[in-house]
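Step one of this worksheet: look at the structure below.
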Amino acid sequence: MKVHLILGILLLIHSTIFGQDLEKHAWKNRVLLIFSKEENAEVLKKQLKILEKDKKGLCERKLEIYRFTPKSFSQNFDEVWSVSTYLFDRYGDTANEYQVILIGLDGGVKMKQAVVLDLEKLFAIIDGMPMRRVEVNTKN
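FYI, the working numbering numbers position 120 of the sequence shown as 120, with every residue one higher than the one before it.
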């Protein structure tokens, strides 16, 4: 199943329907995909508030954020939403009101959950990744 998800995400890269090209993030950025039923959902607002607490930490970990609803998407903390249904239709969990997926530099799914993600857990997952450890070691 993990392989199918990764292949599916890679296929999405070439989709003009999506409006954003995820391929530009391969081997450069980690990506956090956040799926919500509505742009103004309380759970989404709560998640963004948590993430906004440490934008420097997100940047240090090379994390790009994409938010999706059934009809639109937005990147990072931008308030502008673009029309697109493709990724939500393909990967949004219709059984859940909310879902978060962390994609590593290699394009692999590193974490998936249906509740708000706290910074400590997010950073612990990323900081435990081999490529992140190399980044930290070469920085010091």
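All C-beta atoms in this analysis are idealised placements derived from N, C-alpha and C, irrespective of residue type, glycine included.
- The three-state secondary structure of Glu52, taken from DSSP, is helix.
- In summary, Gln113 is exposed, with fewer than 16 beta-carbon neighbours lying within 10 Å of its beta-carbon over all protein chains present.
- The beta carbon of Trp27 is closer than 8 Å to those of Leu105, Asp106 in its chain, skipping five residues each way along the sequence.
- The residue among Ile103, Lys45, Arg90 with its C-alpha nearest the C-alpha of Met131 is Ile103.
- For Glu120, the three-state secondary structure derived from DSSP is helix.
- Under a 10 Å Cβ-count criterion, Gly128 is classified as exposed, with fewer than 16 other Cβ atoms of the shown protein chains found around its own Cβ.
- Taking the Cβ atoms as the reference, Val100 lies roughly 5 Å from Ile34, within the contact range of under 8 Å.
- Distance check between Lys53 and each of Glu120, Val136, Glu135, Met111 places Glu120 closest, using alpha-carbon atoms only.
- In this structure, Arg30 lies near Lys62, with their beta-carbon atoms less than 8 Å apart.
- Ranked by Cα distance from Trp81, the first of Lys46, Glu39, Lys49 is Glu39.
- Leu87: member of the alpha helix (DSSP H) spanning 86 to 91, first to last residue.
- Listed as beta-bridge partners of Val31 by DSSP are Glu64, Ile103.
- For Lys37, there is no enclosing beta strand (DSSP E), as DSSP marks it with neither H nor E.
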